[in-house]
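Engineer: Dropping a structure here in structure tokens format, bear with me for questions.
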């Protein structure tokens with residue numbers, strides 16, 4: 001598991017108890033003695049107003065082909081979670097270096113770094 005990979009994972013709901021299997025982007029590798037990773041939520045629902053912290057990913061475009069997402073999706077960088085690696089079901093794809101640079105820039109702006 002490496003930063004920039006996309007996995008299907010059990011992701012917590014924000015307002016309701018429970019988890020749902022959905023794609024996530026790994027923002028870190030495993031951290032600490034308990035194998036946990038920081039992930040960002042990926043949604044197939046494109047918001048009516050795309051936020052500065054969103055990245056719209058369309059796998060039919062060359063720069064997002066390696067994501068292997070089936071439909072156009074939104075990476076929601078303001079929806080983060082720390083997950084135990086056992087929550088990861090399987091790898092789907094990955095983000096290429098140029099898009100990782102864009103994501104890093106958006107995360108820095110979001111977090112005020």
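In my numbering, the protein residues as written are 1 to 113.
Don't be surprised by glycine CBs; every beta carbon is placed ideally from N, CA and C.
Kindly indicate which three-state DSSP category residue 37 falls into: helix, strand or coil?
Structural biologist: strand
Engineer: For residue 6, is the classification buried or exposed, using 16 other Cβ atoms within 10 angstroms of its Cβ as the cut-off for buried?
Structural biologist: buried
Engineer: Measure the alpha-carbon distance for residue 53 versus residue 91 and round it to whole angstroms.
Structural biologist: 23 Å
Engineer: Go ahead and pull the three-state DSSP assignment for residue 43.
Structural biologist: strand
Engineer: Secondary structure at residue 10, three-state DSSP: helix, strand or coil?
Structural biologist: strand
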